[in-house]
Structures are given as C-alpha cells and as structure tokens.
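**Student:** Okay, handing you the structure first.
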Amino acid sequence: MAVICPTVTAFDNHEYRAQMERLEPFAERVHIDLMDGEFAPTKSPGVDQVWWPENINADLHLMYQRPMEQLEQLLKLRPDLVVIHAEADVDHAAFAEQLHNNGIKAGLAILQATPMEIAGPLLYGFDHALVFSGNLGHHGGAADLTLLDKVRVIGEKHPELEISWDGGISDQNAKQLIEGGVDVLNVGGWIQNSDDPAAAYAKLKQ
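My numbering applies: residue 5 is where the sequence shown begins, and numbers increase by one.
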C-alpha cells in the first residue's frame, strides 16, 4: 500500500502556516519543501522557522546547494527523514551518516536531467530515494512518467530503499506510479489547491 504524503511548498511563514493547517486534520505524514533561493529559484522559510504538528511525521526536502550548513538545525528539529539532492555540493555519505547517528533517516533526491550513472552510486548509505519530476521550488508541474525507468533501476539495484515520487501527481496517474514501483506519493498542488483537500487525499488513498 503506497503512502500518500501531502506537500507543503511555501514562500513565507503565513503561507506555510496556512498550508500546514490545511493538512493537519487528515495527514499522517507531510513532505516539507525547503528552498534556498540558489539551488531552487524560490526561497522558503528557513530551516530554523519550520514546524509541524506533533501527530504528523515530517519529511524535509532540502533544495539547498550546501545542505551541510543546515545540519545542526536539522538535528534539533528531529524530522523522520531529511532528503538532500544528488546534485548538491556535499559529501553525501557523510551527511547521511550524521543523520543516522542522530536517529534520522536519509533520503536522496534525483532531478530529471541527472542520469542514474551519476546518482546511483550515491544511494549507498541512504534509506530513501526521491525521483523528482516537478518544478524546483513550486507546486505543480507535469509527471514525466518516463522517469519510471529510474524508479525501476533504483528498485532493482536497491530493493531496501523506500522510493518516492515528487511532481505532478493526481488521481489520473497515481495508480500508474504505484504499479511502477513508487512507495510514497508526495502530492502538492492536487491536494493543496483542491476545494476539499481532505477529500482529495482520501481519493488517492483508495
């Protein structure tokens, strides 16, 4: 059974609170996008400004060029999972080890243009792989289903990893993504922009 993980992608604290409060009544796990304005073209509230309700598990997706600079604050927040990018300027293995030493799972996100020949070797030592099909720093975008090839490769070479998809998920493609090997659907605009976010969430969970 795939996990439906609604996404928070906000550009200021007011918008962040509004999106989180929209999800709080029904979400069990949330995916929080954090952007530095450099790796991603937009900027979110900082790592030191984010929060989530106690009854919700949080995945933090760092669209940061230099995620190691945020490590100390991340450890204080104690999310369940921190996802950094294969394309970031960081010692990926050392970052994952620091998270593990503090009881936090480590995830690696892979952009559309990044071949598995580059990203694949970085996955050792991680718990989670995120296949990115969205627009960096924004809700929405189309789900490029050709990227299911990456999901297949990851699943074959790293069957121990949880695999998530980020970008363009709706009720029109969720089943195909799940059948293609995706374990976690990070759903942004289709839930956040719905007239009834709880109903949209429930529809995907069916």
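Note that CB positions come from ideal geometry on N, CA and C, so glycine has one too.
Just checking my contact of Val12 with Tyr20 at CB under 8 Å: how many whole Å lie between their CB atoms?
**Tutor:** Going by Cβ atoms, the distance from Val12 to Tyr20 rounds to 6 Å, so yes, they are a contact pair.
**Student:** Return yes when the Cβ of Leu134 is within less than 7 Å of the Cβ of Ser168, no when it is not.
**Tutor:** Yes, the pair counts as a contact, with Cβ atoms nearer than the cut-off.
**Student:** Can you list, in chain order, the residues of its chain whose CB lies under 7 Å from that of Lys207, leaving out five sequence neighbours each side?
**Tutor:** Only Asp175 meet the Cβ criterion.
**Student:** Can you tell me where the alpha helix (DSSP H) holding Arg26 begins and where it ends?
**Tutor:** Segment 17-27, the alpha helix (DSSP H) holding Arg26.
**Student:** Secondary structure at Met5, three-state DSSP: helix, strand or coil?
**Tutor:** In the structure shown, Met5 sits in coil (DSSP, three-state: anything other than H, G, I, E or B).
**Student:** Does DSSP classify Leu126 as helix, strand or coil?
**Tutor:** Note: Leu126 maps to helix in three-state DSSP.
**Student:** Can you tell me where the alpha helix (DSSP H) with Gly111 in it begins and where it stops?
**Tutor:** Careful: Gly111 lies outside any alpha helix (DSSP H), inside the beta strand (DSSP E) at 109-114.
**Student:** Measure the alpha-carbon distance for Gly159 versus Gly129 and round it to whole angstroms.
**Tutor:** Roughly 15 Å separates the two Cα atoms.
**Student:** Can you give me the start and stop residues for the beta strand (DSSP E) that Ala62 sits inside?
**Tutor:** Residues 61-67.
**Student:** So for Arg156, helix, strand or coil by DSSP?
**Tutor:** In the structure shown, Arg156 sits in a helix (DSSP, three-state: H, G or I).
**Student:** To the nearest angstrom, how far is the alpha carbon of Met39 from that of His65?
**Tutor:** So the alpha carbons of these two residues sit roughly 8 Å apart.
**Student:** Pairs of beta-carbons, one from the segment 99-107 and one from the segment 69-88, closer than 8 Å: are there three or more?
**Tutor:** The segment 99-107, when compared against the segment 69-88, does touch it at the 8 Å Cβ threshold.
**Student:** Have a look at Val34, Glu76, Gln74, Val51 and flag the residue whose alpha-carbon is nearest the alpha-carbon of Asn59.
**Tutor:** For Asn59, the nearest C-alpha among the options comes from Val34.
**Student:** Give me the Cα-Cα distance between Asp16 and Glu25, rounded to the nearest whole angstrom.
**Tutor:** About 14 Å.
**Student:** By the 10 Å Cβ neighbour count, where 16 or more other Cβ atoms means buried, how is Pro45 classified, buried or exposed?
**Tutor:** It counts as exposed.
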